[in-house]
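Heads up: take any position in the sequence shown, counting from 1, add 252, and you land on our numbering. Backbone N, C-alpha and C fix where the C-beta goes; we use that ideal spot for every residue, glycine too. If you're wondering where the values come from, they're calculated on a predicted model, not measured in any experiment. A quick write-up on the structure given underneath.
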Amino acid sequence: IPVRGKAWGANVVFCLDVSASMSEHGIEPARTHLKGAILACTTQDRFDVVGFNENVIPCAGRPVRAHPVQQARVVAWIDAIVPKSFTNLYDAVETAFQYGGRGRHPSDAPIRLDAVFVLSDGAPNRGRYHVPSQLVEGIAALSGKTVPVHTVGAGEQVMALLRRIAAATGGTCVEATD
């Protein structure tokens with residue numbers, strides 16, 4: 253799924269599942285691919301990474317310019333994450349949308365949000381919504397079909413849900429490969 257898409261730069265948020273199950277299903281390939289996507293961004297792009305397990309863990313707390321110094325800082329942050337706990341998918345996605353002025357606690361200085369990317373291997377079991385139909389409806393409402401949520405599934409258990417999220421938001425769903 254390409255990150256770019258705007259000639260003037262893209263504003264994207266990556267939501268990375270760092271729950272305990274990711275230790276079993278591919279945190280290392282996820283780290284590798286996410287770092288590659290971040291390093292492929294140009295200085296015209298802005299991004300943040302929101303890790304999620306039982307908690308939501310934003311890296312910068314706002315989209316930052318994809319300057320080599322920021323990219324190196326975020327790559328080090330990704331490498332330091334230790335997967336643990338449960339899966340709070342909705343609250344992580346809502347955090348991403350808050351940067352764009354949407355959700356329960358919208359940013360005071362919202363930016364144009366071009367896309368949200370979600371990489372997960374497990375069914376949500378924590379957060380505001382974890383029943384699949386409620387989760388899809390909640391994320392679709394945040395998106396309003398104006399900001400696609402692209403999903404990457406690492407494990408068959410979550411693929412049906414990720415396909416529904418992508419379809420409801422105008423995003424793309426792919427299965428992760430090593």
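Worksheet item: So what does residue 331 bridge to, in DSSP terms?
Response: Note: residue 331 sits in no beta bridge, so no partner.
Practice prompt. Would you list, in sequence order, the uninterrupted beta strand (DSSP E) runs of no fewer than 3 residues that lie entirely inside the segment 276–337?
Written response: Counting whole runs of 3 or more residues, the segment 276–337 contains the beta strand (DSSP E) stretches 298–304 and 308–310.
Worksheet item: With DSSP run on the structure shown, which of helix, strand or coil describes residue 372?
Response: Residue state, collapsed to three classes: strand.
Practice prompt. Mind the definition here: the segment 261–270 touches the segment 355–375 only if three or more C-beta pairs lie below 8 angstroms; say whether that holds.
Written response: Touching, yes, given that three or more Cβ pairs across the two stretches are closer than 8 angstroms.
Worksheet item: Should residue 284 and residue 318 be called a contact, given that it needs their Cβ atoms to be closer than 9 angstroms?
Response: No, the Cβ-Cβ distance between residue 284 and residue 318 is not below 9 angstroms.
Practice prompt. With DSSP as the reference, label residue 403 as helix, strand or coil.
Written response: In the structure shown, residue 403 sits in a strand (DSSP, three-state: E or B).
Discussion item. For residue 265, report the span of its beta strand (DSSP E) as first-last.
Written reply: Residues 263–269.
Worksheet item: Measuring CA to CA, which of 394, 361, 364 and 406 is closest to residue 286?
Response: Looking at the Cα atoms, 406 is the closest of the given residues.
Practice prompt. Helix, strand or coil for residue 428, going by three-state DSSP, please let me know.
Written response: If DSSP states are grouped into helix, strand and coil, residue 428 belongs with coil.
Worksheet item: Can the beta-carbon of residue 310 be found closer than 9 angstroms to that of residue 321?
Response: For residue 310 and residue 321, no; Cβs fall outside 9 angstroms.
Practice prompt. Give the range of the alpha helix (DSSP H) segment to which residue 384 is assigned.
Written response: Note, residue 384: alpha helix (DSSP H), 384–395.
Discussion item. Quick check on DSSP: helix, strand or coil for residue 272?
Written reply: Coil at residue 272, not helix or strand.
Item to complete: List the residues that DSSP assigns as beta-bridge partners of residue 367.
Response: In DSSP, residue 367 forms a bridge with 264.
Discussion item. According to DSSP, simplified to helix, strand and coil, what is residue 361?
Written reply: DSSP places residue 361 in coil when its eight states are reduced to three.
Fill in: As assigned by DSSP and simplified to three states, the class of residue 381
DSSP places residue 381 in coil when its eight states are reduced to three.
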